[in-house]
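Trainee:
Number of protein chains: 4
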Amino acid sequence: MAVHSSDPAAVREFREPVTPAGRALLDLLAGHFQQIRDEAEEHDRNSTMLVDVFTGLQKDGVLGATVPVELGGLGVDSLYDVCLALMSVAEADASTALALHMQLSRGLTLTHEWRHGGDTARSLAERLLRPMASGEAVVCTTVKDPGGGRVVTRLTPAEDGGWVLSGRKILASMAPIATHFVVSARAEPAEGPHRSAAAMLTRQTPGLTVTDRWDGLGMRSSGSVDIVLDECPIAAGDVFLRGPVGERDDATLAGQTVSSITMLGIYTGIAQAARDFTVHALRRRGTPGAATRTLVTEIEARLYALRTTVAATLASADYYNSEFTGDPAERGRRMMFDFQRAKLMVNHLAPEIVNNCLTVIGGASYVASNPLSRYYRDVRAGAFMHPFTYPDAVDYLSDTTFDHAG
Amino acid sequence: MAVHSSDPAAVREFREPVTPAGRALLDLLAGHFQQIRDEAEEHDRNSTMLVDVFTGLQKDGVLGATVPVELGGLGVDSLYDVCLALMSVAEADASTALALHMQLSRGLTLTHEWRHGGDTARSLAERLLRPMASGEAVVCTTVKDPGGGRVVTRLTPAEDGGWVLSGRKILASMAPIATHFVVSARAEPAEGPHRSAAAMLTRQTPGLTVTDRWDGLGMRSSGSVDIVLDECPIAAGDVFLRGPVGERDDATLAGQTVSSITMLGIYTGIAQAARDFTVHALRRRGTPGAATRTLVTEIEARLYALRTTVAATLASADYYNSEFTGDPAERGRRMMFDFQRAKLMVNHLAPEIVNNCLTVIGGASYVASNPLSRYYRDVRAGAFMHPFTYPDAVDYLSDTTFDHAG
Amino acid sequence: MAVHSSDPAAVREFREPVTPAGRALLDLLAGHFQQIRDEAEEHDRNSTMLVDVFTGLQKDGVLGATVPVELGGLGVDSLYDVCLALMSVAEADASTALALHMQLSRGLTLTHEWRHGGDTARSLAERLLRPMASGEAVVCTTVKDPGGGRVVTRLTPAEDGGWVLSGRKILASMAPIATHFVVSARAEPAEGPHRSAAAMLTRQTPGLTVTDRWDGLGMRSSGSVDIVLDECPIAAGDVFLRGPVGERDDATLAGQTVSSITMLGIYTGIAQAARDFTVHALRRRGTPGAATRTLVTEIEARLYALRTTVAATLASADYYNSEFTGDPAERGRRMMFDFQRAKLMVNHLAPEIVNNCLTVIGGASYVASNPLSRYYRDVRAGAFMHPFTYPDAVDYLSDTTFDHAG
Amino acid sequence: MAVHSSDPAAVREFREPVTPAGRALLDLLAGHFQQIRDEAEEHDRNSTMLVDVFTGLQKDGVLGATVPVELGGLGVDSLYDVCLALMSVAEADASTALALHMQLSRGLTLTHEWRHGGDTARSLAERLLRPMASGEAVVCTTVKDPGGGRVVTRLTPAEDGGWVLSGRKILASMAPIATHFVVSARAEPAEGPHRSAAAMLTRQTPGLTVTDRWDGLGMRSSGSVDIVLDECPIAAGDVFLRGPVGERDDATLAGQTVSSITMLGIYTGIAQAARDFTVHALRRRGTPGAATRTLVTEIEARLYALRTTVAATLASADYYNSEFTGDPAERGRRMMFDFQRAKLMVNHLAPEIVNNCLTVIGGASYVASNPLSRYYRDVRAGAFMHPFTYPDAVDYLSDTTFDHAG
């Protein structure tokens with residue numbers, strides 16, 4: 001990761017990328033912000049993805065941003081820079097950033113498989129990364145089964161030596177435009193223990209159905225629909241097989257962190273957009289009153305803490321992510337502990353900022369066409385992003401504190 | 001006001017009405033809750049009023065609840081009981097409660113005109129109250145002009161000795177089904193100072209247009225549309241004329257309090273509904289974790305403070321409202337000071353409760369069909385209800401504290 | 001309980017007593033406030049009780065305020081009025097209010113024993129209540145054993161048919177001036193199960209030592225010292241024996257509520273005193289700035305919610321306390337559930353008010369001689385008052401919600 | 001500034017110094033922590049400085065840490081590292097850190113004078129820096145006049161061409177052991193405008209009196225006493241003369257930031273110490289309950305945001321402090337805007353952390369000998385540290401936002 005930081009203060013406040021590839025990604029994205037802003041409200045209303053925007057991003061190579069240069073991508077490998085890029089998109093539309101996160105974070109984790117995985121994994125990763133670089137492959141990764149914790153998605157052995165995949169996934173953002181799916185499932189081989197796994201499918205795979213419209217409180221343009229899997233045939237080489245189910249391996253916390261940590265930028269971007277909209281609106285109104293001045297000050301202070309905390313967390317994640325010399329379990333724990341502490345604060349600070357913005361703008365913010373009403377709905381998704389929910393985070397963080405931390 | 005309170009503890013916690021008429025109103029309402037609950041989601045989605053529900057309420061005499069018995073109404077004259085009734089409706093659907101508030105609070109203020117006003121006001125009030133009692137008159141009162149503070153709605157003298165009304169009003173809840181409108185305006189007579197006024201129009205009045213659908217972040221079934229007034233002819237006897245514009249008269253704070261204070265029940269009802277939904281859902285889930293137990297405790301404590309504070313405020317408002325022996329300006333200031341302090345806390349506590357409910361329920365609450373996602377949007381309207389916004393309340397309350405309070 | 005309430009609004013905001021005896025108590029106390037205010041700082045510094053004040057209260061009959069008229073006391077039997085009286089003392093000095101609480105709440109619970117207890121309990125209660133009325137008996141009640149939950153204070157059978165009491169109690173407020181002690185202990189009779197008990201001792205009882213100075217963060221003049229009990233002889237008739245240890249009896253929650261609920265007034269009084277000091281100081285300073293106006297508004301709103309919530313809780317406690325017709329276990333649970341929800345909010349709101357006061361006053365409030373610096377320390381005791389601590393309250397309230405509440 | 005950072009993640013979380021000189025300073029300090037911890041409680045109680053500790057720090061060269069190597073000091077020039085050093089001292093005793101801050105921040109600003117000032121300033125700075133390096137000079141800088149904003153300390157022309165200094169300063173931390181004083185004053189020359197100035201005095205200067213004990217709510221061992229100045233003779237060369245009074249020069253915001261920003265470490269250190277004490281105590285207690293787990297999680301998350309925000313702010317301050325190529329006014333505004341936003345969040349987060357610690361530890365934390373009771377008092381000083389108070393910060397930050405920020 002080539003580091004480039006003209007202005008260290010800007011980097012500390014999450015205002016500048018840290019790698020040339022990150023800079024290039026931001027420059028590519030900049031050409032799309034106006035369109036995203038223009039289309040955001042209508043798609044939010046209709047709960048549809050900004051398909052035209054993604055077509056444009058595809059043409060510009062943005063969908064291959066995190067694919068290694070050797071495989072034809074932009075080679076963005078800094079989590080900090082990916083998070084910053086998602087923040088800048090989220091300032092225009094958080095739903096679009098959430099959908100884009102799918103593709104970019106998949107690039108990051110597939111690159112890890114390609115560099116460090118076993119033969120099957122390397123090959124499979126390369127078969128996905130190359131078309132991602134060209135924009136041919138748009139990869140939706142699904143993690144969540146319906147029903148609150150039960151595993152319903154399973155890989156069972158097929159007669160031809162491959163697998164059969166059945167089950168259902170929810171909240172599969174970007175699925176409406178995806179060409180490929182990476183589906184987490186429990187592999188139940190004929191012999192040996194059940195194992196964690198992820199199967200790759202193309203959209204044409206028999207038995208795969210992408211359901212209609214996602215209808216959420218917010219993030220309505222993210223295309224977070226369900227995927228139904230009805231005896232889909234999967235070739236043996238199209239499965240990433242991991243360790244036995246139920247076996248705790250803290251080293252895997254590193255990959256989980258990489259998959260999700262860049263989403264922190266999305267909620268930071270919503271808060272920044274809310275602040276900007278509010279300050280600009282207030283400037284047109286004339287002398288602000290006492291409460292407005294006080295709340296704007298609180299908005300500024302919280303936004304500063306939010307941005308610096310996220311910047312520090314992502315910079316540290318980049319460091320750990322490139323540092324393989326120590327104990328992998330300890331490395332995994334550190335990455336997740338940082339991530340979860342930051343996530344918890346993001347989910348305190350970002351909604352507070354948005355809320356204060358509505359308060360100072362007043363009734364005008366309560367009209368559906370006012371951007372603040374969208375921010376108010378979108379920002380609340382932060383608490384539910386993977387992993388963990390607040391109740392699970394309390395269990396995780398308090399256990400960590402009492403067990404491990406200094 | 002005949003007081004009836006079988007269980008003082010229940011009254012203190014805002015769980016029982018304080019008058020027999022209030023009891024009767026609650027009993028009438030109880031027959032409609034299931035229908036309101038059943039229809040709430042769809043109408044929220046479509047931004048349409050629950051018209052069938054209002055037809056039912058009309059048949060049952062609910063729309064005349066606050067009309068004096070002598071004029072054919074139920075004679076509910078307790079602000080506490082009206083607020084409690086609106087809370088119970090809001091537990092099923094806050095939008096419907098907001099629309100109903102229009103009719104019930106108008107009954108209260110017209111009754112005041114009928115009992116204490118001058119000849120013109122008494123006559124006009126009676127002409128409205130009698131058909132309200134029978135359900136023939138559904139009266140939408142509009143207060144707010146567009147454009148942030150400027151007055152745009154004016155009564156100018158007509159050649160026939162009456163008036164001509166022109167301008168525009170926003171957020172006129174219940175307008176889609178209203179038969180009559182009471183429109184606040186600035187009367188600009190040929191001679192003498194400009195005066196505050198309120199003009200009465202029927203829906204058939206030439207020049208009156210009720211605009212289409214209100215499209216808000218929440219409270220979407222409240223029918224809070226705009227009213228356009230284009231040279232509407234108004235008879236001289238159809239106008240309530242008040243004091244000169246710009247002349248401060250703190251006695252009028254009493255009427256403003258009566259008009260709006262019962263809305264506190266709406267936001268209390270949303271918080272209660274969120275808590276009930278959440279506790280019932282959690283009971284089905286098995287042993288709650290640490291964060292869930294902690295947040296449920298905070299929900300219960302806040303809800304208790306919310307209900308007892310609202311109960312005390314409304315009981316005091318009833319007392320002041322029936323107590324005319326002292327200085328009217330002082331009485332007005334006390335009513336508004338209590339109301340605004342309570343309103344500010346309602347707008348802290350109710351959204352915190354709803355927010356905690358989403359946090360413990362998790363991602364399921366983020367689906368549009370989950371009631372919590374509606375509560376999250378609806379409860380945010382509390383900060384914008386008339387009078388005052390938070391910035392205005394800070395000016396009002398801090399001035400009051402430094403000028404008058406002990 | 002003869003109810004008297006000239007101004008219902010004042011009662012709802014915890015500004016007026018509800019019984020004539022309560023009115024009389026407040027009038028008696030009023031003569032002592034100046035002295036308490038004058039002496040508070042020095043005694044706080046030295047961690048000594050305001051002994052002269054208590055001598056004066058004794059002369060005026062205040063120490064017998066809650067003793068029935070038939071036994072020579074003032075006959076204050078309203079928890080609301082006792083709480084209001086403690087609030088008014090706490091506005092001058094919270095430590096003195098905490099010490100006085102000992103005597104007044106003991107009067108309430110002994111009166112209950114005297115009216116409803118068995119023969120031994122009635123006789124013992126009367127032997128304490130009569131000298132309390134005259135001011136001869138100053139009764140310190142001790143509940144807490146050292147060491148976090150273990151029982152270390154025990155009554156074992158003596159050869160003469162009485163008991164021997166050994167152990168240690170902490171946080172025995174008012175002990176330095178007490179003439180009598182009521183010490184909770186585990187009675188371990190020769191036969192039958194261990195039982196909860198409370199033993200009465202005079203200060204002259206052999207083996208009883210009152211330790212020196214209590215040195216706390218705050219509440220430093222409350223005399224909350226330790227009591228050491230080294231084989232103290234106790235007559236059989238000087239023990240209140242209750243049910244078997246470990247047997248859950250929710251009816252006892254009523255007595256626990258009565259013992260402690262009036263302490264809510266102490267923290268309300270601190271918050272009120274902080275607000276008054278602050279508003280008066282700000283009035284002398286000239287035009288307040290934006291933050292000051294905003295925080296003063298928040299102070300006023302929180303204080304209003306605090307006072308109305310406490311008023312409602314105490315009024316309900318009075319109602320339940322005089323209402324014996326239902327299920328005693330259910331009555332106990334209701335009293336405690338109300339009390340604990342109110343206590344939790346008192347411990348959120350009162351410290352927030354005091355904290356905001358320091359913020360607007362600035363550095364001047366940080367000098368030890370400034371009353372706000374004492375309020376800041378004293379108000380923090382609220383979270384630790386009996387029963388429960390915050391962690392225990394979360395367990396209690398969440399269990400109650402999931403088990404019993406609607 | 002030679003940068004050294006073995007572990008970037010640790011630097012981002014404010015756990016490692018960034019320069020070798022900073023490392024050396026931390027190593028020197030480490031030898032004193034045990035003594036500071038051992039003596040903190042008693043000196044807090046007596047409101048006396050830890051004089052023996054300062055003697056030890058003097059011997060070790062710590063008092064010359066921020067003096068350039070060329071002048072005999074350690075040459076610590078990183079604000080980040082000074083702040084980190086003060087944090088580590090504050091974890092043992094915040095008062096001692098506050099006193100030490102006086103000497104270390106004076107070294108930083110005198111070094112700036114020595115490198116960039118005019119002839120008089122350079123010479124005067126060197127005359128102070130050399131004995132600071134050797135530990136002979138202990139320099140107390142005083143900024144604050146009594147009386148809320150009025151200037152009472154003045155330099156008037158003396159007959160000998162020098163000056164006469166009269167007035168009074170408050171909150172002069174470390175004064176009890178100071179050998180020299182740098183006193184801000186208004187210079188009122190015979191001709192020309194009044195100017196901002198700072199006069200240097202030795203302790204032996206006639207007319208200078210250091211008053212007795214400072215008696216504060218907290219920070220009681222910081223020696224923050226008053227200085228009385230009664231016609232003290234000052235040589236012409238012993239005065240730093242700055243620009244005309246009342247002339248706004250945003251470039252000076254840089255120096256003001258340098259003087260005070262490292263104090264952020266003090267309040268971060270208190271929060272860290274409270275967290276560590278609490279977690280260690282809880283580990284000994286067995287399985288934590290629901291509220292404890294939830295609050296410990298909140299403590300960890302807030303502490304993480306606090307540390308990363310402070311780290312980012314100090315790192316940026318170091319960057320700006322070494323970067324002189326741009327507009328000095330813009331540079332000053334950036335430094336102060338960052339500092340004040342961070343300070344506001346420090347003053348939200350640190351007291352919340354300490355407060356949560358008391359809540360989970362319970363009544364034991366309320367005893368004066370428990371460290372948490374000291375942290376609770378000390379941490380509240382953060383809101384009052386120079387510049388600005390909260391009300392002033394709201395004015396400053398909201399003005400900045402509406403005037404300058406993006």
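Chains as they are written, first to last, in the working numbering: chain A, 1 to 406; chain B, 1 to 406; chain C, 1 to 406; chain D, 1 to 406. Where a beta carbon is used, it is the ideal one built from N, C-alpha and C, also for glycine.
Quick one: give me the first and last residue of the alpha helix (DSSP H) that residue 88(B) is part of.
Mentor: Boundaries of the alpha helix (DSSP H) harbouring residue 88(B): 79-92, taken from the DSSP string.
Trainee: Can you tell me the Cβ-Cβ gap for residue 354(D) and residue 215(C), rounded? I've got them flagged as a contact below 8 Å.
Mentor: Rounded, the Cβ-Cβ distance is 20 Å, inconsistent with contact.
Trainee: Go through the region 216-291 of chain B residue by residue and report every complete run of the beta strand (DSSP E) that reaches 3 residues or more, in order.
Mentor: 225-234, 239-244
Trainee: Determine the direct distance from the alpha carbon of residue 40(C) to that of residue 86(A), and round the result to whole angstroms.
Mentor: 59 Å
Trainee: What is the DSSP secondary structure of residue 151(D), counted as helix, strand or coil?
Mentor: coil
Trainee: Assuming residue 186(A) contacts residue 150(A) (C-beta within less than 8 Å), just tell me the rounded distance between them.
Mentor: The pair is not a contact, with the Cβ atoms about 11 Å apart (cut-off 8 Å).
Trainee: Quick one: is residue 387(D) near chain A, going by C-beta distance under 9 Å?
Mentor: no
Trainee: Taking the alpha carbon of residue 20(B) as the point to measure from, which residue in 47(B), 69(B), 58(B) has its own alpha carbon closest?
Mentor: 69(B)
Trainee: Where DSSP assigns a beta bridge to residue 165(B), which residues make up the other side?
Mentor: 155(B), 232(B)
Trainee: Residues of the region 68-96 of chain B with a CB closer than 9 Å to any CB of chain C: list them in chain order, please.
Mentor: Along the region 68-96 of chain B, there is no position whose C-beta sits under 9 Å from a C-beta of chain C.
Trainee: Mind checking whether residue 65(D) and residue 51(D) have CB atoms under 9 Å apart?
Mentor: Contact: no.
Trainee: So, helix, strand or coil for residue 180(B), using DSSP?
Mentor: Assignment of residue 180(B) by DSSP, reduced to helix, strand and coil, places it in the strand class.
Trainee: Note down, in chain order, each residue of its chain lying with its Cβ closer than 7 Å to the Cβ of residue 90(C), except the 5 sequence neighbours on either side.
Mentor: 97, 265, 266, 269, 270
Trainee: Along the region 183-202 of chain D, where does the CB come closer than 7 Å to a CB of chain B? Name the residues.
Mentor: none
Trainee: Cα-Cα, which of 227(D), 302(D), 157(D) is closest to residue 210(D)?
Mentor: 227(D)
Trainee: Would you mind stating whether residue 200(C) and residue 183(C) have Cβ atoms separated by less than 9 Å?
Mentor: Taking 9 Å as the Cβ cut-off, residue 200(C) and residue 183(C) qualify as a contacting pair.
Trainee: For residue 245(A) and residue 181(A), I'd like the C-alpha separation in whole angstroms.
Mentor: Cα to Cα, residue 245(A) sits roughly 22 Å from residue 181(A).
Trainee: So, at 7 Å on beta carbons, what are the nonlocal neighbours of residue 250(C) in its own chain, with the 5 sequence-adjacent residues on each side left out?
Mentor: Take residue 250(C), set aside five residues on each side of it, and the residues of its chain with a beta-carbon closer than 7 Å to its own are 329, 332, 333, in chain order.
Trainee: Since residue 401(B) is in the alpha helix (DSSP H), which residue starts that stretch and which ends it?
Mentor: 390-403 is the span of the alpha helix (DSSP H), which, as asked, contains residue 401(B).
Trainee: Closer than 9 Å, CB to CB, is residue 293(B) near chain D or not?
Mentor: yes
Trainee: Would you identify the three-state DSSP class for residue 8(D), choosing helix, strand or coil?
Mentor: helix
Trainee: Could one say the Cβ of residue 360(D) lies closer than 9 Å to chain C's Cβ atoms, at least one of them?
Mentor: yes
Trainee: For residue 95(B), which of helix, strand or coil comes out of DSSP?
Mentor: helix
Trainee: Using 9 Å as the threshold, is the C-beta distance between residue 371(C) and residue 402(B) below it?
Mentor: no
Trainee: Need the endpoints of the beta strand (DSSP E) that residue 345(C) sits in, please.
Mentor: From DSSP, residue 345(C) is part of no beta strand (DSSP E) but of the alpha helix (DSSP H) over 328-361.
Trainee: Quick one: using the 10 Å Cβ neighbour count with 16 as the cut-off for buried, is residue 218(C) buried or exposed?
Mentor: buried
Trainee: Quick test of the definition: if touching needs 3 or more C-beta pairs under 8 Å, does the region 378-389 of chain D touch the region 291-302 of chain D?
Mentor: Cβ pair count under 8 Å is below three, so no.
Trainee: Quick one: what's got a C-beta closer than 7 Å to residue 7(C)'s C-beta in the same chain, skipping five residues either side?
Mentor: 16
Trainee: Determine, using beta-carbon pairs with one atom in the region 236-244 of chain C and one in the region 52-63 of chain C, whether at least three such pairs fall under 8 Å.
Mentor: With the rule of 3 Cβ pairs closer than 8 Å, the region 236-244 of chain C does not count as touching the region 52-63 of chain C.
Trainee: Against residue 279(C), what residues of chain B qualify as contacts under a CB-to-CB distance less than 7 Å, listed in chain order?
Mentor: 401
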